[in-house]
Amino acid sequence: MGEKSAHSILKPKEVVDNWEVVRELGFGTFGAVYEVINLTTKTREAMKVEKRCQDESSRTLKLEIQVLKELTEAKARNCCALTGSGRKTDYTYMVMTLVGPSFENLLRTCKNGKLTWYSAMYACLLALEGLEDLHKAKYVHRDVKPQNFSVGEGNLYRNVYVLDFGTARRFMKDNGQHHRPRARCGFRGTMLFASVPALNGEEQSRRDDLWSWFFVLLRLTTGTLPWLNLNVPPAFDAQLRVYADSKYANIENPGKMLGGCPPCYANILDSMKKLTYYSVPPYPDIYALLKAAMSKCGNGGQPPALDWQVTNSISMKTGRSNA
């Protein structure tokens, strides 16, 4: 007890400025996330730490702090509040809202590995609100996936949070003009949830976040995706092509992809097929479609319980996510 693990940067009881470390929540190649106590407010928060000895091109926390600062100041919906940040000799850190399990972890704890229609639509409606406010701040996320959304902790289980802005990019100038898209750019994101244009090496915009969001919606609703278990070649570029081809085919002929989904998903898909790099996504139309479908769920006019109301206490022990 009280000692660092082999990969850890901080140890329990260690004090970093105004925060005391409680425990490690997760770790990666370049850093870790900790549950901490704010010594002034006594509230539990999350501290994300990134080693400073790594290659400059691999550092993402500086960008994430900037994005989260702007979102916090703008009172963006469904994003963690940034409550502090700083630099030490060996690491950079930021402190934010402590959240509950990720969408991915919810799938692992729910029956049949998928959410009910109501819960899937509820979670993704709030997720889209968060993405819309990120877009209003002139950023695109570029890595929308179930691991990068979480529900709230404990009594805040009805909340949803957009996480991990380390791959975000400004798509618009301060004057409201789009940045000119690069003719070709390196892939950013996760192949399973990336849009076809992103897989084809095109510049990403709000359109691409929306496509990834739609694939998350499908994953939560059905528990799978048509391209989930593809046999992919070892070469990276070949993998991109295989995923792009499969997604394009399913979008053009969506019968299998939309099997087991509410009818409104077909309407959402139709509206998304019209989007271009410069398009403003039809957020209000999508919200209206989801809300209308959600209103038909449940009995006696009462909305159903959210799936994670039952699984939340279990998930907290293994699935807390402040990636």
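The opening residue of the sequence shown carries number 1231 in the numbering used here; numbering runs sequentially from there.
Virtual Cβ for every residue (Gly too), placed ideally from N, Cα, C.
All values reported here derive from a predicted model rather than from experimental measurement.
With contact counted as at least three CB pairs below 8 Å, one residue from each stretch, are the segment 1396 to 1403 and the segment 1345 to 1362 in contact?
no
Decide if residue 1407 is buried, meaning its Cβ has at least 16 other Cβ atoms within 10 Å, or exposed.
exposed
Look at the alpha carbon of residue 1428 and the alpha carbon of residue 1417, and state the distance between them as a whole number of angstroms.
7 Å
Please list the segments of the alpha helix (DSSP H) lying wholly inside the segment 1407 to 1474, counting only runs of 4 or more residues, in order along the chain.
1426 to 1429 and 1436 to 1452
What do you reckon, are the CB atoms on residue 1309 and residue 1391 nearer than 8 Å?
Remark: C-beta atoms of residue 1309 and residue 1391 approach each other more closely than 8 Å.
With H, G and I counted as helix, E and B as strand and the rest as coil, what does DSSP make of residue 1383?
Residue 1383: coil per DSSP, three-state reduction.
Same chain only: Cβ atoms within 8 Å of residue 1521, ignoring 5 sequence neighbours per side
1355
Under 8 Å between the Cβ atoms of residue 1240 and residue 1333?
no
Taking Cβ positions only, does residue 1380 come closer than 8 Å to chain B?
The chain labelled as chain B is not found in the depicted structure, where only one protein chain is given.
Hey, residue 1363 and residue 1306: beta-carbon distance below 8 Å or not?
yes
Beta strand (DSSP E) runs wholly inside the segment 1248 to 1279, at least 3 long, in chain order:
Qualifying beta strand (DSSP E) stretches, in chain order: 1249 to 1257 and 1261 to 1268.
Top-ranked residue by Cα proximity to residue 1282, from 1253, 1323, 1446 and 1398:
Minimum Cα distance to residue 1282 is reached at 1323.
Measure the beta-carbon distance from residue 1491 to residue 1348 and round it to whole angstroms, keeping in mind my assumption that it falls under 8 Å.
The pair is not a contact, with the Cβ atoms about 13 Å apart (cut-off 8 Å).
Per DSSP, cross-strand counterpart(s) of residue 1532:
1529
Identified DSSP bridge partners for residue 1309:
1392
As assigned by DSSP and simplified to three states, the class of residue 1343
Residue state for residue 1343 is assigned as helix, using DSSP reduced to three classes.
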